[in-house]
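Engineer:
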Amino acid sequence: MNQNLQTLSAESSKMDNPFKLTDEKLIARFQDGDINAYNELVDRYKDRLLNFVFRYFNNREQAEDVVQDTMIKLYTHASYYKNIAKFSTWIFTIAKNNALTELRKNKRKQTDSMWTNDGKPIDIELKDESLEQTVYNKIAVEELNKYLDEIPENFRIAVVLRDFQELSYEEISKILEIPIGTIKSRINRGRIQLSEKMKHFKEQ
Amino acid sequence: MDYNKFEDRISRWIENDMDVRERREFEKFLSTNPQYQTKVNEVRNTISMMNKAPSIKVSSTFDQKLNQRISSLSIDKKSRKSFFGFSSQNFAYLTLALGAIFILTSFLLQTNSSYIFADQDIEDSKMISPSDSLESKEELEDMKDIDVLNNIDGSFVNDQQ
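Protein sequence lines correspond, in order, to chains Y and C.
Add 16 to a position in the first sequence, counting from 1, and you land on the number used in the numbering used here.
Add 52 to a position in the second sequence, counting from 1, and you land on the number used in the numbering used here.
#1: Identify the contact partners of Y:Lys62 in chain C, using a Cβ-Cβ distance below 7 Å as the criterion.
#2: Three-state secondary structure (DSSP) at C:Ile108?
#3: In angstroms with no decimal places, state the Cα-to-Cα distance between Y:Val176 and Y:Glu56.
#4: State the DSSP-derived secondary structure class of C:Asp115, mapped to helix, strand or coil.
#5: Does the beta carbon of Y:Ile173 come closer than 8 Å to any beta carbon on chain C?
#6: From what residue to what residue does the alpha helix (DSSP H) around Y:Gly49 run?
#7: Would Y:Phe108 and Y:Ile203 qualify as a contact pair, given that the criterion is a beta-carbon distance under 8 Å?
#8: Which bits of chain Y does C:Lys117 rub up against, with CB to CB less than 8 Å?
#9: Among Y:Phe68, Y:Val82, Y:Asn99 and Y:Gln78, which residue has its Cα nearest to the Cα of Y:Leu42?
#10: Evaluate Y:Ile155 with the Cβ neighbour count: other Cβ atoms within 10 Å of its Cβ, from every protein chain shown; 16 or more gives buried, anything less gives exposed.
#11: Less than 8 Å between CB atoms is the rule here; does Y:Ala115 satisfy it with respect to chain C?
#12: Give the residues of chain C in contact with Y:Asp179, contact being defined as C-beta atoms less than 7 Å apart.
#13: Determine the burial state of C:Gln120: buried for a count of at least 16 other Cβ atoms within 10 Å of its Cβ, exposed for fewer.
#14: Work out the CA separation of C:Leu125 and C:Asn103 for me, nearest whole Å.
#15: Just to confirm, are Y:Tyr97 and Y:Phe103 a CB contact at a threshold of 8 Å?
#16: Would Y:Asn114 and Y:Asp85 qualify as a contact pair, given that the criterion is a beta-carbon distance under 8 Å?
#17: For Y:Phe73, which three-state DSSP category applies?
#18: Which of the three DSSP states, helix, strand or coil, is assigned to C:Pro86?
#19: Under 7 Å between beta-carbons, which chain C residues line up against Y:Glu56? List them in chain order, please.
#20: Let me confirm a value: C:Ala105 is counted as buried when at least 16 other C-beta atoms fall within 10 Å, else exposed. Which label applies?
#21: Quick one: does Y:Leu42 have its CB under 8 Å from some CB of chain C?
#22: Counting contacts by CB-CB distance shorter than 8 Å, is Y:Arg207 in contact with chain C?
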């Protein structure tokens, strides 16, 4: 009984059905002072932003610092968000600007994309799959990351936003502040360059 | 359609972002140049790999670090809570400074006022001296008279004694 009560109170302290709320509703709630809404937004975006920012640095620690800064900016500057743009566009733009600022500060480090500074492997989320498939996919992902790093940055960032983050062309255009036509062209060029390097890999 | 045009349109064809006329033109090119079908397949395969690529997860300490940073922000914000637009620290300094100014001013005023009263006394004494001097003159005259009497008749004092 006691346990049930504890569970119930824990449940009621959480936000009521956060999954039903859109990002825009969550930010509106946070603007009204609901810290749970902020936590939910952080949960939704921390990994997505890390995967995006990582492509600028190819260094996990630096990328994570930028994501932290982005989340702090979300906390301190939430009132700056106006409900005329999608929240994802806004937060990705902040992350991009933070990444560019950080890049200006530091020269880009060339490190192995799948390893941290301490030499530990990066945790990657693996879906349910056979060992053979897992090994193959790990190698494929390593190759993909390696080759992605070899294509020009303006192509890479656009491709990452489109094919890893699955954002719309319109959103990418707003985030990168580049016309849609140019974005489409960069993504196409980036994909072609990548596919030429990845020729030997066939999807399993 | 030449090869460059074909290459420019690969993504648009894969994503079905073409009007009917363009699509027909593209597919006609592919059917007449089957060797380029491989190119389309390679691009499609790469896109699919990227879509399925596992995502990097933030480290397990991410939330903890973020919470610490937010807490320090909140503490900083609290310490910067303003009193009449000043931070509590600056407000304390300001209060001390104002107190010191108040004490100094009161001291100066007090000192000045004693000077002022002293000056006032002098002024007052200057103002009453003419009448006083008139009286003293009369007294002086009386004294002179006594002296004169003393001088004329030396026995006067003795007599008085």
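Ideal Cβ placement from N, Cα and C applies to all residues, glycine included.
Structural biologist: This is what the structure gives:
#1: Counted from its first residue, the first sequence places residue 62 of chain Y at position 46. Neighbours of Y:Lys62 on chain C, chain order: Val110 and Phe114.
#2: Numbered from its first residue, the second sequence carries residue 108 of chain C at position 56. Of the three classes helix, strand and coil, the one that applies to C:Ile108 here is strand, per DSSP.
#3: In the first sequence, the residue the question calls residue 176 of chain Y occupies position 160. In the first sequence, the residue the question calls residue 56 of chain Y occupies position 40. Between Y:Val176 and Y:Glu56, the C-alpha separation is close to 24 Å.
#4: Residue numbering aside, residue 115 of chain C sits at position 63 when the second sequence is read from its first letter. Helix, per DSSP.
#5: Within the first sequence, numbered from 1, the residue matching residue 173 of chain Y stands at position 157. Cβ-Cβ to chain C under 8 Å: no for Y:Ile173.
#6: The residue you call residue 49 of chain Y lines up with position 33 of the first sequence. Note, Y:Gly49: premise wrong, no alpha helix (DSSP H); not H, not E.
#7: Start at 1 with the first residue of the first sequence, and residue 108 of chain Y comes out as number 92. Start at 1 with the first residue of the first sequence, and residue 203 of chain Y comes out as number 187. Not in contact: Y:Phe108 and Y:Ile203 (Cβ atoms no closer than 8 Å).
#8: Stepping through the second sequence from its first residue, residue 117 of chain C is reached at position 65. Gln84, listed in chain order.
#9: Counting from 1 along the first sequence, the entry for residue 42 of chain Y is found at position 26. The shortest C-alpha separation from Y:Leu42 is found at Y:Asn99.
#10: For the purposes of this step, residue 155 of chain Y is identified with residue 139 of the first sequence, where counting begins at 1. When all chains shown are included, Y:Ile155 counts as exposed.
#11: Against the first sequence, residue 115 of chain Y aligns to sequence position 99. No, no contact with chain C.
#12: Position 163 of the first sequence, counted from the first residue, corresponds to residue 179 of chain Y. What Y:Asp179 touches in chain C: Ile99, Met102 and Asn103.
#13: Position 68 of the second sequence, counted from the start, is the residue given in the question as residue 120 of chain C. Classification for C:Gln120: exposed.
#14: Counting from one through the second sequence, the residue named residue 103 of chain C turns up at place 51. Counting from one through the second sequence, the residue named residue 125 of chain C turns up at place 73. If you take the alpha carbons of C:Asn103 and C:Leu125, they lie about 37 Å apart.
#15: Stepping through the first sequence from its first residue, residue 97 of chain Y is reached at position 81. Stepping through the first sequence from its first residue, residue 103 of chain Y is reached at position 87. It is a contact, given that the beta carbons lie within the stated cut-off.
#16: Numbered from its first residue, the first sequence carries residue 114 of chain Y at position 98. Numbered from its first residue, the first sequence carries residue 85 of chain Y at position 69. Their beta carbons are under 8 Å apart, which means Y:Asn114 touches Y:Asp85 by this criterion.
#17: The sequence position of residue 73 of chain Y within the first sequence is 57, counting from 1. Here Y:Phe73 sits in helix by DSSP.
#18: Counted from its first residue, the second sequence places residue 86 of chain C at position 34. Looking at C:Pro86 - three-state DSSP - the assignment turns out to be helix.
#19: Counting from one through the first sequence, the residue named residue 56 of chain Y turns up at place 40. Correct list: empty, because the minimum Cβ distance to chain C is about 12 Å.
#20: Counting from 1 along the second sequence, the entry for residue 105 of chain C is found at position 53. It counts as buried.
#21: Reading the first sequence from its first residue, position 26 is the one you call residue 42 of chain Y. Y:Leu42 does not count as touching chain C.
#22: What you label residue 207 of chain Y is simply residue 191 of the first sequence in a count that begins at 1. So, interface residue.
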